[in-house]
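> My questions all concern the structure below.
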Amino acid sequence: MIGFSRDNGELTCDGVPLSAIARKVGTPAYVYSAALIEESFRRFDAAFAPVAHLVCYAAKANSNGTLLAKLAGLGAGADVVSGGELRASLESGFSSDRIVFSGVGKTVAEIRSAVESGLLAINAESEREIEKIEAEAARQGKTARVALRVNPDIDARSHPYISTGRKHNKFGVAIDLAPAIFRKARGFPHVRMTGIQAHIGSQILDPQPLADAARDLARLARDLAAEGHELSTLDVGGGIGLAGPGEKPLTPETYAAAVLPHVAGLPMTVLVEPGRAIVGPAGALVTEVLDVKKSSGKLFVVTDAGMNDLLRPALYGAIHSIESVTENRMPVERVMADVVGPICESSDFFLRDSSIDRPLEGDLMAIRDVGAYGFSMSSNYNFRGRPPEVWVEKGSFRVIRRREHFDDLVRAERE
Ligand code: LLP
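So the sequence shown is residues 0 to 414, counted in numbering that gives the first Met the number 0.
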């Protein structure tokens, strides 16, 4: 059994009890299943096998170097959005011709390193950005491969903070402006317009908007080809969501079945940029119950993990299921409770008015499906060190990023 499953009432990751990991590394701690990451990547790769393709893992979901190296080793490409992610990806073994650089505002320094590295594509977000890439490439005496990010004005029907494909969003250029921009870019000697890209949002469960975006990209690709532009990549972005309680999952296979009919037969490599779908289910945040208290008729379970460790519930109202790590007190009583962190604000919650197994002080709980946008969005708010990250592979575990200590937090102040 790979991923998270129960063995004799104990929640395990790839067969390793989470309680054993917590005993060794303390709590809170992120725990990742290498086998589940591998399986998710392979499923995407296989689902797109009918066309020439490259699965470019969106590094923003989780940019731990061990995890990046694992995906690089499996043959993934990378989608990066900052100079930091670019460097981390290169250092983790992704070759530059498998990396695409997205990002709505790129600094001159980021454009410089993107051009120096000779990436598969710099995804330009505006006409002006293409001019900046041209200037930098000219300075370096190079030719940069550039893809244009277009905005197809499609409603991904996701949380407004993570919907990016409507015309009022800041991303890319309106799709009907693309032909004129391509025509103009022909005059740039150091830029080759090699692709088009769209990403309409994240945590999408309905395949229809994703299929619609692929259809619009394919139509644009044909129009551009008719004008003599030689495109080598068509990038459909990421966005495949994880199903919450009662929701229908969007599997890599269903997603590919929705997208492929639109792009099959085009003479270019299809790029796909999933982040969450590859690493989300492979991570859990293990936390200890610090207190169980009743106040004004409500039950509060206070954990040692806080919104600084996992921001998604506070920021998006995201619901992540929470399970006890060890079911050692049978029969378990179900109670309605709020599960909250120790941070000094009321947005610091994980579940509200939810039915959970009544925990006792000192119990361990696991917050599920947090391999994506968990650690990568964590912070030092309340002057808390960020939790360690633990990698489970082939029946054993190791710390792949240690817990931060006070000295880590003050280092940049004191150097
Ligand atoms: N490509 C581009 C250009 C993106 O902007 C993103 C995510 C992805 C790919 C990967 O999307 P995914 O397959 O992971 O949905 N912090 C938010 C998610 C923000 C996603 C931003 N862009 C959350 O925790 O839900």
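In this text, a Cβ means the ideal position worked out from N, Cα and C, and glycines have one as well.
Since we're looking at a predicted model, the values are computed, not measured.
Let me make sure I understand the geometry here. Which of 342, 22, 129 and 268 has the alpha-carbon closest to that of residue 107?
Position 108 of the sequence shown, counted from the first residue, corresponds to residue 107. Closest option to residue 107, Cα to Cα, is 129.
> Cα-Cα, which of 255, 161, 101 and 88 is closest to residue 196?
Residue mapping note: residue 196 aligns to position 197 of the sequence shown, counting from 1. Checked all of 255, 161, 101 and 88; the closest Cα to residue 196 is 101.
> Following a CB-centred definition, is residue 161 positioned closer than 6 Å to any heavy atom of the ligand LLP?
Within the sequence shown, the letter at position 162 stands for residue 161. Yes, since a heavy atom of the ligand LLP falls inside the 6 Å radius drawn around the Cβ of residue 161.
> Is residue 377 buried or exposed, if buried means 16 or more other CB atoms sit within 10 Å of its CB?
As a first step, residue 377 must be located in the sequence shown, where it is residue number 378. Buried, by the Cβ-count rule.
> Going by DSSP in three states, residue 397 sits in which element: helix, strand or coil?
In the sequence shown, residue 397 corresponds to position 398, counting from 1. Residue 397 falls in the strand class under three-state DSSP.
> With burial defined as no fewer than 16 other Cβ atoms inside 10 Å of the residue's Cβ, what is the status of residue 287: buried or exposed?
As a first step, residue 287 must be located in the sequence shown, where it is residue number 288. When all chains shown are included, residue 287 counts as buried.
> Quick check: the Cα distance between residue 119 and residue 97, rounded to an integer number of angstroms?
Against the sequence shown, residue 119 aligns to sequence position 120. Against the sequence shown, residue 97 aligns to sequence position 98. Approximately 6 Å, taken between the alpha carbons.
> Is any beta-carbon of chain D found at less than 7 Å from that of residue 54?
You won't find chain D in this structure, because it holds only one protein chain.
> Quick check on residue 228: buried or exposed, where buried means 16 or more other Cβ atoms within 10 Å of its Cβ?
For this step, residue 228 is matched to residue 229 along the sequence shown. Counting Cβ neighbours within 10 Å, residue 228 comes out buried, since at least 16 surround it.
> Using 10 angstroms around the beta-carbon of residue 76, count the other beta-carbons present and answer buried if the total reaches 16, otherwise exposed.
Numbered from its first residue, the sequence shown carries residue 76 at position 77. It counts as buried.
> What residues in its chain sit with their C-beta under 6 Å from that of residue 269, if we drop five residues either side in the sequence?
In the sequence shown, residue 269 corresponds to position 270, counting from 1. The residues are 50, 52, 233 and 262.
> Using C-beta distances below 6 Å, list every residue in its chain close to residue 276, excluding the 5 sequence neighbours before and after it, in chain order.
As a working note, residue 276 is residue 277 in the sequence shown. Excluding residues within five positions, the ones whose Cβ falls inside 6 Å are 239.
> Using 10 angstroms around the beta-carbon of residue 405, count the other beta-carbons present and answer buried if the total reaches 16, otherwise exposed.
To locate residue 405, count along the sequence shown from 1; it is residue 406. Burial call: exposed.
> Taking only runs that begin and end inside the stretch 348 to 397, name each unbroken beta strand (DSSP E) of 3 or more residues, in chain order.
Counting only runs of 3 or more, we get 348 to 356, 363 to 366 and 388 to 392.
> Which ranges does the beta strand (DSSP E) cover as unbroken runs of at least 3 residues, wholly within the stretch 236 to 313, from first to last along the chain?
Complete beta strand (DSSP E) runs here, min 3: 268 to 271, 282 to 294 and 297 to 302.
> Residue 349 and residue 334: beta carbons closer than 7 Å?
On the sequence shown, residue 349 is found 350 positions in, with the first residue counted as 1. On the sequence shown, residue 334 is found 335 positions in, with the first residue counted as 1. The answer is no: Cβ separation not under 7 Å.
> Would you say residue 256 and residue 284 are within 7 Å of each other, going by their C-beta atoms?
Counting from 1 along the sequence shown, the entry for residue 256 is found at position 257. Counting from 1 along the sequence shown, the entry for residue 284 is found at position 285. For residue 256 and residue 284, no; Cβs fall outside 7 Å.
> Comparing alpha-carbon positions, which option in 111, 365, 293 and 149 lies nearest residue 136?
For the purposes of this step, residue 136 is identified with residue 137 of the sequence shown, where counting begins at 1. Of the candidates 111, 365, 293 and 149, the one whose C-alpha sits nearest the C-alpha of residue 136 is 111.
> Tell me which residue opens and which closes the alpha helix (DSSP H) that residue 57 is part of.
Within the sequence shown, numbered from 1, the residue matching residue 57 stands at position 58. It is not in any alpha helix (DSSP H) - residue 57 instead sits in the beta strand (DSSP E) that spans 52 to 57.
> Which two residues bound the contiguous beta strand (DSSP E) that contains residue 21?
By 1-based counting over the sequence shown, the position of residue 21 is 22. Not the beta strand (DSSP E): residue 21 falls in the alpha helix (DSSP H), residues 17 to 24.
> Could you check how far apart the C-beta atoms of residue 447 and residue 88 are, in whole angstroms? I think they sit under 8 Å.
Given that the chain is displayed from residue 0 to residue 414, the structure contains no residue 447 and the question cannot be resolved.
> For the stretch 61 to 140, list the alpha helix (DSSP H) runs that are entirely contained and at least 4 residues long, ordered along the chain.
Whole alpha helix (DSSP H) segments, 4+ residues: 64 to 73, 82 to 90, 107 to 116 and 126 to 139.
> Would you call the stretch 369 to 385 and the stretch 350 to 360 in contact, with 3 or more CB pairs under 8 Å?
Result no; under three Cβ-Cβ pairs closer than 8 Å.
> Which ranges does the alpha helix (DSSP H) cover as unbroken runs of at least 4 residues, wholly within the stretch 195 to 242, from first to last along the chain?
As far as the stretch 195 to 242 is concerned, its whole alpha helix (DSSP H) runs of at least 4 residues are 206 to 225.
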